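Undergrad:
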Amino acid sequence: MSDLVFIAFPSEQKAEEVRQKVLGLQREYLIELEDAVVVVKDENGRVKLNQLLNPTATGAVSGALWGTLIGFIFLMPLVGTALGAASGALGGKLTDYGINDAFMKDAASALQPGMGGLFLLIRKMTADKVLADLEGIGGTVVRTSLDGKAEAALREAIAGQVASGTDDKAATQP
Numbered sequence: 001m002s003d004l005v006f007i008a009f010p011s012e013q014k015a016e017e018v019r020q021k022v023l024g025l026q027r028e029y030l031i032e033l034e035d036a037v038v039v040v041k042d043e044n045g046r047v048k049l050n051q052l053l054n055p056t057a058t059g060a061v062s063g064a065l066w067g068t069l070i071g072f073i074f075l076m077p078l079v080g081t082a083l084g085a086a087s088g089a090l091g092g093k094l095t096d097y098g099i100n101d102a103f104m105k106d107a108a109s110a111l112q113p114g115m116g117g118l119f120l121l122i123r124k125m126t127a128d129k130v131l132a133d134l135e136g137i138g139g140t141v142v143r144t145s146l147d148g149k150a151e152a153a154l155r156e157a158i159a160g161q162v163a164s165g166t167d168d169k170a171a172t173q174p
């Protein structure tokens, strides 16, 4: 089962910076994400989603490839490419991977204008190492599906209040 975390930040840039940090942790195999979306509430109150994967573009590229191949069979590759790209884009637009877009827009409506947020859908993680890397990033935990103990640990880490398990003397010795 996956866990959902929504963290609010003072700006879109800070939310994107933290997302890149979390993606770096994923490359180190410390966390496994299903989705990571930056949301922004603009000055007019509209919520914009900045997703990792654009299903419309992906569908258009895939559809164009298959349309071209099928078009070659019927000796009309350009028509096949155009029809394939259009149908792929439509299919991609109707597809929603990861976190539900309507849910994210509803949750992000609680943000103040100009603020950003980060939604993480976490499949699994090495909690102690991830929390240590996220220590002191700032932000406010808005919602989670974590249990009470894990949520409290996340709030403490983000605020920079995690007690390190090492002795100060040991940390300064070579």
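Heads up: the sequence shown begins at 1 in full-length UniProt numbering, then just goes up one per residue. Beta carbons: idealized from backbone N, C-alpha and C, even for Gly. The model shown is predicted, which means the values in this text are computed figures rather than measured ones.
#1: What three-state label does DSSP hand Ala8 in the structure shown?
#2: Could you give the DSSP three-state label for Phe72: helix, strand or coil?
#3: Within 10 angstroms of its Cβ, does Gly117 collect 16 or more other Cβ (buried), or is it exposed?
#4: I need the boundaries of the beta strand (DSSP E) containing Glu34, first residue and last residue.
#5: With DSSP as the reference, identify every bridge partner of Leu49, one or two as the case may be.
#6: Which term fits Arg123, buried or exposed, when burial requires 16 or more other beta carbons within 10 angstroms of its beta carbon?
#7: Use the C-beta contact count for Glu12: other C-beta atoms within 10 angstroms, 16 or more gives buried, fewer gives exposed.
#8: Buried or exposed: which applies to Lys129, given that a residue is buried once 16 or more other Cβ atoms fall within 10 Å of its Cβ?
#9: My guess is that Ser2 and Glu34 are in contact by the Cβ rule of under 8 Å, so how many angstroms apart are they, rounded?
#10: CB-CB under 6 Å to Thr140, same chain, minus the five flanking residues each way: which ones, in chain order?
#11: Tell me the rounded alpha-carbon separation between Ala153 and Arg46.
#12: What's the C-alpha gap between Met76 and Ser62?
#13: So, Val39 versus Met104, is the Cβ gap smaller than 8 Å?
#14: Under a Cβ-count criterion, where at least 16 other Cβ atoms within 10 Å of its own Cβ denotes burial, should Phe6 be classed as buried or exposed?
#15: State the CB to CB distance for the pair Val37 and Phe119, rounded to an integer number of angstroms; the pair is presumed to be in contact (CB under 8 Å).
#16: So, for Ala108: in the same chain, excluding its five sequence neighbours on each side, which residues have a beta-carbon less than 7 Å away from its beta-carbon?
#17: Which residues does DSSP list as the beta-bridge partners of Arg143?
#18: Is the CB-CB distance between Gly80 and Gly67 below 8 Å?
TA: Let me spell this out:
#1: In this structure, DSSP gives Ala8 an extended state, which the three-state scheme calls strand.
#2: In the structure shown, Phe72 adopts helical secondary structure according to DSSP, grouped into three states.
#3: Gly117 should be labelled buried.
#4: Taken as a continuous stretch (DSSP letters only), the beta strand (DSSP E) holding Glu34 covers Ile31 to Lys41.
#5: DSSP links Leu49 through a beta bridge to Val39.
#6: Taking every protein chain shown into account, the CB of Arg123 has fewer than 16 other CB atoms within 10 angstroms, so this residue is exposed.
#7: Buried, because 16 or more other Cβ atoms sit within 10 Å of the Cβ of Glu12.
#8: Residue burial is scored here from C-beta neighbours: Lys129 has fewer than 16 other C-beta atoms within 10 angstroms and is therefore classed as exposed.
#9: Approximately 6 Å separates the beta-carbon atoms of Ser2 and Glu34; this is inside 8 Å, confirming the contact.
#10: Once the five neighbours on either side are set aside, the close Cβ partners of Thr140 are Ala8.
#11: Cα to Cα, the separation comes out at about 32 Å.
#12: When the Cα atoms are used, Met76 and Ser62 turn out to be separated by approximately 18 Å.
#13: Taking 8 Å as the cut-off, the Cβ atoms of Val39 and Met104 count as close.
#14: Flag for Phe6 reads buried.
#15: Contact between Val37 and Phe119 holds: their C-beta atoms lie close to 5 Å from each other, under 8 Å.
#16: So the qualifying residues of the chain are Val39, Lys41, Val47 and Gly117.
#17: The partner list for Arg143 (beta bridge, DSSP) reads Phe6.
#18: Yes, the pair counts as a contact, with Cβ atoms nearer than the cut-off.
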